[in-house]
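In my numbering, the protein residues as written are -15 to 271. C-beta: ideal position from N, C-alpha, C; glycine also. Since the model is a prediction, treat every value here as computed from it, not as a measurement. Worksheet for the structure shown next.
Next up, the structure:
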């Protein structure tokens, strides 16, 4: 029973960490229809900024998170203006080639300035200590990740489905010329959506560093993981991304506990089975 509870709590925390990182990519691919393979690179940048702020500058964990999100968005917005805006209407191959090129540039710059070392983000005492839930104890950081994932899911659903911004975004995606005719500033909508996705990537890179360690090849090491999560959940679906992250997180953690010698075999087996059964993902939007 204790093993089952440990697996369940670790799987839930890991799944939520994946969700926070991947939901920005899901929205970018599903709503903006941009295959952004550099999404993991922005999560890595957020992790590096937070590590520098917390370890070298001695700033608090909360301030490091805020600084990571703002700093990553500041880096990403000019790239959106100068590079991404040129490929919004281009083929998926063009998008893949350009964004994977950005990924390798980020990796090269990171290695040059920071070296090939693992970066840690010190946790505050409140998150480092265990919390007694009655039936078992769990690290405070895991509870924080779970709560953060729920807040992100609820906040994004409200933003996309219940606000004027969400309506304008969907209109810009479906018919950009008509949206512009109606007075919608599509360039601003795309830039704001991109900044939101990048900010969430940075946030996920920081809070998920306990599960996905920050190092120079982070963007390549987890690129496939992020893509398959979006594929399984269905691009553009918040509920689908959440379901996919919890499902794949549970399978991955359970396999690592019970049959560690199989590595990621069961994770990718589940991906193959789900994609075969649901070609658009669990809750994918029709394109």
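Coil, strand or helix - residue i by DSSP
| i | result |
| --- | --- |
| residue 215 | helix |
| residue 115 | strand |
| residue 7 | helix |
| residue 130 | helix |
| residue 256 | helix |
| residue 198 | strand |
First and last residue of the uninterrupted beta strand (DSSP E) at residue i
| i | result |
| --- | --- |
| residue 122 | 121 to 123 |
Rounded C-alpha distance that separates residue i from residue j
| i | j | result |
| --- | --- | --- |
| residue 167 | residue 5 | 32 Å |
| residue 17 | residue 215 | 13 Å |
| residue 231 | residue 175 | 31 Å |
| residue 211 | residue 81 | 15 Å |
| residue 190 | residue 105 | 8 Å |
| residue 197 | residue 65 | 30 Å |
| residue 98 | residue 36 | 10 Å |
| residue 234 | residue 192 | 16 Å |
| residue 142 | residue 150 | 9 Å |
| residue 209 | residue -7 | 20 Å |
| residue 247 | residue 237 | 10 Å |
| residue 223 | residue 251 | 20 Å |
| residue 28 | residue 241 | 27 Å |
| residue 109 | residue 164 | 50 Å |
| residue 287 | residue 220 | Any question about residue 287 goes unanswered here, given that the chain covers just -15 to 271. |
| residue 205 | residue 21 | 12 Å |
Boundaries (first-last residue) of the alpha helix (DSSP H) holding residue i
| i | result |
| --- | --- |
| residue 64 | 45 to 66 |
| residue 191 | 170 to 191 |
| residue 275 | What the structure shows of the chain is the stretch from -15 to 271, and residue 275 is not part of that stretch, so it cannot be assessed. |
| residue 35 | 23 to 35 |
| residue 78 | 76 to 98 |
| residue 241 | 222 to 242 |
Buried or exposed (CB count within 10 angstroms, at least 16 for buried), residue i
| i | result |
| --- | --- |
| residue 135 | exposed |
| residue 256 | exposed |
| residue 3 | buried |
| residue 148 | exposed |
| residue 46 | exposed |
| residue 86 | buried |
| residue 58 | exposed |
| residue 126 | buried |
| residue 144 | buried |
| residue 243 | exposed |
Cβ shell of residue i (< 8 Å), same chain only, five flanking positions each side left out
| i | result |
| --- | --- |
| residue 95 | 200 |
| residue 272 | Residue 272 lies beyond the range of the chain shown here (-15 to 271); nothing can be said about it. |
| residue 121 | 114 and 115 |
Nonlocal neighbours in the same chain, by C-beta distance under 7 Å from residue i, ignoring five residues either side
| i | result |
| --- | --- |
| residue 158 | none |
| residue 79 | 18, 19 and 71 |
| residue 61 | 175 and 179 |
The ligand GDP heavy atom lying under 7 Å from the CB of residue i
| i | result |
| --- | --- |
| residue 257 | In the structure shown, the ligand GDP is absent, as is every other ligand, since no ligand is present at all. |
Neighbourhood of residue i by C-beta, 6 Å cutoff - its chain only, sequence neighbours within 5 removed
| i | result |
| --- | --- |
| residue 0 | 129, 130 and 133 |
| residue 76 | 19 |
| residue 169 | none |
| residue 173 | 152, 153 and 156 |
Contact with chain B by residue i, beta-carbon distance below 8 Å
| i | result |
| --- | --- |
| residue -11 | Considering every chain present, this structure includes no chain B. It has just one protein chain. |
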